[in-house]
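Here's the structure we're looking at; comments come further down.
In the working numbering, the protein residues as written are 2 to 448.
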């Protein structure tokens, strides 16, 4: 009799363990799918800048149309801080799942709408105005996506697996970029005339459909155990105001987070939003070749960072963040010199080096999440991330193109990126501590 009871109890424990594992994996998939959709949507806009300039702006505007497209690209980032405040506060007070579901739903609607907009030739100046409105909605919803989804993934991660979960989540960024690139190349294969005549619309419509799939996934997963624990504790005390608590208790960390995300944002969006256009205009290679080279460079770091996740857990987080910060600072100018050779193999190697450095720097997101307490983690990550991206990342393509136009030097973007990295490095070195083993409910307790 005793043996049967023990066997039954063991069976229940095994079943509970399997159910918990499935729940965690579904949560990781839901977080990663939303992140995939965000980067898919933003990438197709950046990669189709030349086509969008022809469709939505006057045909005789020349280079100013391309600058206008990049300005609209950057405008979406201006809406991101508002989205960060809204979705971050909602996520810390009411739950991560509901906030993230609303964010991906809005993003999907705005992305699909771009694919349905009439051209400048059809409605004149209303065309760029509508494009701007869609981008602002995209930006507002994106303000709650990346930081919230990363929080959702890490808070569901089992003990000792946070680096792996975050590495897989970060890998979905590259998969979104690859998916966007493959989609664009597939539709470009129909020929330039057919693509410019309407084929460009389909990638945006596909992005909207993917967002619906992501929304359904998120509605089907459970809230994070960290949020439930923090929420239950707070019900015994007082009503929470996450932003106020963040500004009072985490002021010392906010500047570090801002500097980190400013550096990361410039490096990423020099690659994502600007590099394909730069390769076409400055290196003299075809659009399709530029997309292929950029895509390959984005894929290479993904398995490397996932493979390193065990080492990050055992050795610690801080060495890898510092390696990424120093490596990208040193590599930018030499890599742009290599890109200027025009040799496809050399260009691909330079792009891979840049992406590897940025990927190492991205590992800094984990100690940032572990640093902040659960009651302000969502808004505390989303606000500095999106303010920094609004000021630096969203404007990176515009600034880089303007620097090239005004100086005539194709190395100008590299000097710009290096300057930002040099300013950020002291904050990263001093402000990001070792957070291995931190309790996600309370965050790292600092002296």
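Ideal Cβ placement from N, Cα and C applies to all residues, glycine included.
- Every alpha helix (DSSP H) of 4 residues or more that sits fully in the region 209-235 is shown, in chain order, as 226-235.
- Take residue 413, set aside five residues on each side of it, and the residues of its chain with a beta-carbon closer than 6 Å to its own are 404 and 405, in chain order.
- For the 9 Å CB-CB criterion, residue 167 and residue 366 form a contact.
- DSSP places residue 378 inside the alpha helix (DSSP H), whose first and last residues are 378-389.
- DSSP places residue 411 in no alpha helix (DSSP H); its state is neither H nor E.
- Cβ neighbours of residue 286 within its own chain (closer than 6 Å, five residues either side excluded): 280.
- With contacts defined by Cβ atoms closer than 9 Å, residue 399 and residue 71 form a contacting pair.
- In the three-state DSSP reduction, residue 133 falls in the helix class (H, G or I).
- For residue 225, the closest alpha carbon among the candidates 91, 156 and 411 is that of 156.
- Using a 10 angstroms sphere on the CB of residue 42, the tally of other CB atoms reaches 16 or more, which defines it as buried.
- Pairing residue 194 with residue 201, the inter-Cα distance amounts to about 11 Å.
- Residue 386 is not a Cβ neighbour of residue 214, given a cutoff of 9 Å.
- A straight-line Cα-Cα distance of about 23 Å links residue 95 and residue 38.
- When C-alpha distances from residue 345 are compared across 297, 375, 197 and 58, the shortest belongs to 297.
- Inter-segment contact for the region 357-372 and the region 246-261 is present: three or more beta-carbon pairs are separated by less than 8 Å.
- Of all alpha-carbon atoms in 282, 216, 284 and 361, the one lying nearest the alpha-carbon of residue 312 is that of 361.
- The alpha-carbon of residue 278 is positioned some 36 Å away from that of residue 163.
- In this structure, residue 118 and residue 131 form a Cβ contact; the two beta carbons are roughly 5 Å apart against a cut-off of 8 Å.
- Rounded to whole angstroms, the separation of the alpha carbons of residue 40 and residue 23 is 26 Å.
- Per the C-alpha coordinates, the member of 227, 183 and 129 positioned closest to residue 59 is 129.
- For residue 100, the enclosing alpha helix (DSSP H) starts and ends at 97-115.
- When the Cα atoms are used, residue 51 and residue 246 turn out to be separated by approximately 44 Å.
- If you draw a straight line from the Cα of residue 86 to the Cα of residue 389, it is about 14 Å long.
- The three-state secondary structure of residue 58, taken from DSSP, is coil.
- Residue 242 sits in coil when the DSSP states are folded into three classes, being neither helix nor strand.
- Excluding the 5 residues flanking it on each side, residue 352 has same chain C-beta neighbours closer than 8 Å at 272, 276, 294, 295, 297, 298, 336 and 340, in chain order.
- Counted as a single uninterrupted DSSP element, the alpha helix (DSSP H) harbouring residue 269 occupies residues 252-270.
- In this structure residue 204 is not in contact with residue 90, their Cβ atoms being roughly 33 Å apart against a cut-off of 8 Å.
- About 17 Å separates the CB atoms of residue 165 and residue 31; that is not less than 8 Å, and the two are not in contact.
- According to the DSSP assignment, residue 276 belongs to the alpha helix (DSSP H) that extends over 276-282.
- DSSP assignment within the region 350-379 yields no whole beta strand (DSSP E) run of 3 residues or more.
- Residues of the same chain with a CB within less than 7 Å of the CB of residue 310, apart from the 5 flanking positions on each side, are 164, 165 and 168 in chain order.
- Taking the CA atoms as reference points, residue 393 sits about 12 Å from residue 420.
- The shortest CA-to-CA distance from residue 82 to any of 68, 395 and 144 is the one to 144.
- Close CB contacts of residue 342 within its chain, under the 8 Å cut and outside five residues either way in sequence, are with 348 (chain order).
- One thing to note: residue 142 has its Cβ within 9 Å of the Cβ of residue 107.
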